[in-house]
Structures are given as structure tokens and as C-alpha cells.
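A.B. asks:
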Amino acid sequence: MSLDLKINQNGNGAVTLLIEGDIDMSSSPLVRTQLTDLFKKNQKAIIVDLSKVAYVDSSGIATLVEGLQWSHANNTKFRLVCLTPMVKDVFEIARLLTVFEVFESHKEALEGV
Amino acid sequence: MAESVKLTIPSDPKYFSLVRKVVFHLLTSHAVSRDLIPRLVLCIDEACSNIIKYSYGDCNDQPIEMSFSLSENLFEIKIRDFGKQCDPKDIKPRSIHEIKPGGLGTYFINEIMDEVKYCTNRDKGTLLTMCKDLKGEPTSIRKEIG
């Protein structure tokens, strides 16, 4: 299963990372590398769009937790948007839904950036 | 009578999507709850990830043997590796209250499956057996209700 990553600039210092595909042990390093690059660019906010992610495992969750930790260190907003049911379920099992800023839509995710 | 499917893959995560497809197909064709299927698939994925990381030390050409048995009420998964053994007492999930990357795989397995057994009573490797009662609610949902 291949993973596709797309970057969209939102024009207000926020950038959206759209992830398409399954995030597992083979693909999570690609997401990590992309997030590392985005944090190096000192974005005001990084919004991770998970609407095209049908599957995530613990390595994917760990990558997003790392992103959250980098965001605290860099004073960057780090938000997740449009979680699919499977992804949301995994976050719920891990009790992480309240740890991240999670939004239902891009419009909501971009508010207050 | 239980139906059984056997699968052997190299210890390379690029084969995980193939395993997911096989298990997904097997469970949907037996009308297992749509809510439960992704959770069961996740446990198999996490078990294979742990084998690659800890038993085979990230070596990608070693065998992982799996069998999936389905009866009316029970899904039994057996996963065998031939790598480094560890004491089952040392296989512990991280505390769910710690917010840090890593250590979640074992937590997911213990949270979702009803029975998890590691058997190292052999010359090489480990046999992991995981069972799930298909007529019960998903474990974490049951805990939330309780």
C-alpha cells in the first residue's frame, strides 16, 4: 500500500498535510520525515488531514504524538482534521482524542490560527 | 467446525497490507461485526511489528507464520516467529497515562483481545496466541460501559 503526502499552504501561516493511504510500520517513517521538514520551516500551524487515511497503527500514532511534542517545543499549532472512523477508534482506544486538537472540518481547524 | 487460513510472510512491513487484506476478507465473509474487524486487524499488525522489532531486530528476511481460525463464536490467531526469545513477563504495555511515542502496540493487543499468550517453550522464537470472543462487545467498549 503506497502512501501519498500533499502539502497545501493556507495563506495565513498554516499548512495542511494531506495524507492518503494506510499509515503503518512501512509508511510512518515517510510521515515523520515530512513532519520534520514542516517543523523546520517554522510554520504557524500544521494541520494534518486524515480524511484519506483508512488505517493507522501504533507507529502512525507514535509519529503524530512526536509531532505534537515538537509543536509544543516550537510553539506551533498542531491540529488533526477529518479523522475516519477507524482512525478515530484507534485514538479513542489509546485515550488520545483529548490530548490532540481534533476538528471535524478544515474551516474549524483554521480558526484561531 | 472452525475454518482456518494459514499465511507466511517475510519479516518486512511492506507485506502488512497484504495480511490486512487477507484478514479483512476472512472476517467480512464470516459476517464479523464491522466495528470489530479493524480492531482485530490492528492486533495482528501490532504483533507482526513487535516480531520485526524485537524478535528479528529489524531484519526483513525472516519468516513470520500465521494461522487464523474462525468458528461461530471465536477468532483465534496464532503467530509464530523464529527469532530472539524474551521472557513473556517482560512484555508489558506502557502506561496509557504516559503521552509519548512508542509502546502502544502491546497496549492495543491487551485492550482489544480477550486472551493473549506468549509461548517460548521451544528452541527458537515465540508462538503468540490471541483469542477474541466474536459474540461479545469489543473489550474497550465493554470497559467503558462497565
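Chains as they are written, first to last, in my numbering: chain H, 342 to 454; chain F, 90 to 235. Each residue gets a CB set at the ideal place from its N, CA and C atoms; glycine is no exception. The structure presented is a predicted model; accordingly, all values stated were derived computationally and were not measured.
#1: If you drop the 5 nearest sequence neighbours on each side, which residues of the same chain put their C-beta closer than 7 angstroms to that of residue 207 (chain F)?
#2: Taking the alpha carbon of residue 317 (chain H) as the reference point, which residue from H:349, H:426, H:397, H:413 has its own alpha carbon closest?
#3: Could you have a look at residue 361 (chain H) and say whether DSSP puts it in helix, strand or coil?
#4: As a quick exercise: from F:106, F:223, F:158, pick the residue whose alpha carbon is nearest that of residue 137 (chain F).
#5: Ordered along the chain, which non-local residues of its own chain (more than five positions away) have a Cβ less than 7 angstroms from that of residue 351 (chain H)?
#6: Pull up the CB-CB distance for residue 425 (chain H) and residue 394 (chain H), whole angstroms please, since I reckon it's below 8 angstroms.
#7: Can you grab the Cα-Cα spacing for the pair residue 431 (chain H) / residue 423 (chain H), in whole Å?
#8: For residue 429 (chain H), report the span of its alpha helix (DSSP H) as first-last.
#9: Closer than 7 angstroms by beta-carbon distance: list the chain H residues that pair up with residue 194 (chain F), in chain order.
#10: Buried or exposed: where does residue 110 (chain F) fall if 16 or more other Cβ atoms within 10 Å of its Cβ makes it buried?
#11: Could you name the residues of chain H that residue 138 (chain F) contacts, counting a contact when the two beta carbons are closer than 9 angstroms?
#12: Quick one: is residue 417 (chain H) buried, meaning 16 or more other Cβ sit within 10 Å of its Cβ, or exposed?
#13: What does residue 221 (chain F) touch in chain H if you count any residue whose Cβ is under 7 angstroms from its own?
C.D. replies: The short version:
#1: Taking the second sequence and counting its residues from 1, the one referred to as residue 207 (chain F) is at position 118. These residues qualify, in order along the chain: 177, 180, 215, 217.
#2: Because chain H in this structure spans residues 342 to 454, residue 317 (chain H) falls outside the shown range and cannot be described.
#3: For the purposes of this step, residue 361 (chain H) is taken as the residue at position 20 of the first sequence. In the structure shown, the three-state DSSP call for residue 361 (chain H) is strand.
#4: Within the second sequence, residue 137 (chain F) is the residue found at index 48, counting from 1. Scanning F:106, F:223, F:158 for the CA closest to the CA of residue 137 (chain F) turns up F:106.
#5: Reading the first sequence from its first residue, position 10 is the one you call residue 351 (chain H). Around residue 351 (chain H): 357, 451.
#6: The residue labelled residue 425 (chain H) in the question sits at position 84 within the first sequence. The residue labelled residue 394 (chain H) in the question sits at position 53 within the first sequence. Contact holds; Cβ gap of about 6 angstroms.
#7: On the first sequence, position 90 is the one that residue 431 (chain H) refers to. On the first sequence, position 82 is the one that residue 423 (chain H) refers to. Taking the straight line from one Cα to the other gives about 14 angstroms.
#8: Residue mapping note: residue 429 (chain H) aligns to position 88 of the first sequence, counting from 1. Counting along the chain, the alpha helix (DSSP H) containing residue 429 (chain H) begins and ends at 426-434.
#9: Position 105 of the second sequence holds residue 194 (chain F). Neighbours of residue 194 (chain F) on chain H, chain order: 399.
#10: Translated into the one-based positions of the second sequence, residue 110 (chain F) becomes position 21. So residue 110 (chain F) ends up on the exposed side.
#11: If you number the second sequence from 1, residue 138 (chain F) lands on position 49. Under the 9 angstroms cutoff, chain H gives 365, 366, 398, 399, 400.
#12: Taking the first sequence and counting its residues from 1, one reaches residue 417 (chain H) at position 76. With 16 or more other Cβ atoms within 10 Å, it is buried.
#13: Taking the second sequence and counting its residues from 1, the one referred to as residue 221 (chain F) is at position 132. Taking the beta carbon of residue 221 (chain F) as reference, no residue of chain H falls within 7 angstroms; the closest one sits roughly 14 angstroms away.
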